[in-house]
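First the structure, in the form of C-alpha cells, and then the observations on it.
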C-alpha cells in the first residue's frame, strides 16, 4: 500500500469521525466532493495548506500524518524492548511518537524507515538512551554489580545460524565505609556482546556468548569471578532469547534475508 492510499484512508477516517459528507468536508477547503473523493482513494494528495488543515483537525503535525507507519513499526519494537529496558511505567505510544519525531528531525522523512528490510534498531536504541530516565536502563545482578544494555539487538543469519549483537556495560561499585564514602571502587566495562544461537530441526538447542573474555584477566577476578560471569551470560542470553520468542516475525524482519 503506497503513502497516498494510507493518507487517503486517514482523511476518510477523519471525515467520518466529523460526521460530514464529502461535500460538507470539501467546503472546509473550498473544494468539491470529487476532489475529496480523489484524496480518499489515494489518487492524489491535498496541497501543503490543506494537509496542514487536515493534520490540525487530527491534532497531529504533518510529519505525524505521513510517518504513522514509522510510529507503528517503532511501537512494535518497543513492545518487546521490555527485555532490555524497564518500560512498565512508560507510555509506549507516546515514546514511539517521540522517537519517530526525533528520527525524522535528524534524518529526514525517508520512506525507507518504514520498510521492514531496513534496520532501524540502532536508531531506536539511540533515542531510547536519550529519552528514557537513567534508572530504566540499569539491571542489578548482585549488591555490587549491575549492567546496562545499550541496544535493541541486531541480527545476522548465515544459513541456519543466528547471531545477535548488542552493546553491554557492566557497572561494579564497592564502598567499604558507606558513611564516609571511603575506599570506593568503581569499575566500568563496556563490550560488544555476540550471542550465538544453535539450531537443530529449526529449534534453538543452545546459546553461547562472546564478549566477556576480557574479564578473565587475573586483576578482574575479585570483581568478576567465573560464577558471576556465567550468571551474567545466562541472564543476558535469556533476555535476548525471550526477545526473539516475543515476536519471531519482528526478528525475521530485522534479518537480512537477501542471497547472493
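Residue numbers (UniProt numbering): 1 to 260. Glycine residues also receive a C-beta, built at the ideal position from the N, C-alpha and C atoms. Given the structure is predicted, the values throughout are model-derived calculations rather than measurements.
In DSSP terms, what residue i is bridged to
i           : result
residue 224 : In DSSP, residue 224 forms no bridge with anything.
residue 172 : 145 and 187
residue 196 : 163 and 208
residue 139 : 147
residue 203 : 200
Cutoff 8 Å; reference residue i; Cβ partners in own chain excluding five residues on either side
i           : result
residue 121 : 77, 151, 152, 153, 154 and 254
residue 129 : 137 and 150
residue 239 : 83, 84 and 149
residue 180 : With a pLDDT of only 45 at residue 180, under 50, the local geometry of the prediction cannot be trusted, and the value read off the model is given with reservation. Within the same chain, residue 180 has no close Cβ partners at all.
residue 4   : 42, 43, 44 and 45
Proximal residues to residue i (C-beta, below 7 Å), its chain only, five neighbours per side dropped
i           : result
residue 32  : 26
residue 102 : 127
residue 37  : 22
residue 14  : 54, 57 and 58
residue 229 : 212 and 215
residue 200 : none
Assigned secondary structure, residue i (DSSP; H/G/I helix, E/B strand, else coil)
i           : result
residue 155 : strand
residue 90  : coil
residue 120 : coil
residue 217 : coil
residue 236 : helix
residue 84  : coil
residue 6   : helix
residue 132 : coil
Per-residue burial, residue i [other beta carbons within 10 Å of its own, 16 or more giving buried]
i           : result
residue 83  : buried
residue 274 : With the chain running from 1 to 260 in the structure shown, residue 274 is simply not present.
residue 71  : buried
residue 125 : buried
residue 190 : exposed
residue 100 : buried
residue 40  : buried
residue 17  : exposed
residue 168 : buried
residue 11  : buried
residue 192 : exposed
residue 7   : buried
residue 204 : exposed
Beta-carbon proximity list for residue i, same chain, < 6 Å, skipping 5 on both sides
i           : result
residue 210 : 194
residue 206 : 198
residue 50  : 29
Heavy atom of the ligand GDP within 7 Å of residue i beta-carbon
i           : result
residue 126 : In terms of ligand content, the structure shown is empty, and the ligand GDP therefore cannot be addressed.
Inside the UniProt domain "HTH cro/C1-type" (11-65) only - alpha helix (DSSP H) runs reaching at least 4 residues: 22-27, 33-41 and 48-57
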